[in-house]
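Single-structure report; data block below.
Numbering (my numbering), first residue to last: 12 to 67.
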């Protein structure tokens, strides 16, 4: 996935998260969306800096 595609996906996921919070969705659903957003942001940053993710 390119940075442009990731950026678009981040924006879509952020909107989805905001809607879930606004509509008072279940906390587990909100947490899941938040984790997805975190993962996308991490991937975006890794692409931008050329860093590799190391599992701990």
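By construction, the Cβ of each residue, glycine as well, lies at the ideal position given by its N, Cα and C atoms.
One alpha carbon belongs to residue 31, the other to residue 40, and they sit about 8 Å apart. The beta carbon of residue 59 lies closer than 7 Å to those of 14 in the same chain, with the five residues before and after it left out. Within the same chain, and ignoring the five residues on either side of residue 35 in sequence, no residue has its Cβ closer than 6 Å to its Cβ.
Straight-line measurement puts the Cα of residue 38 at about 21 Å from the Cα of residue 22. Residue 51 sits buried, since 16 or more C-beta atoms from the chains shown fall within 10 Å of its C-beta.
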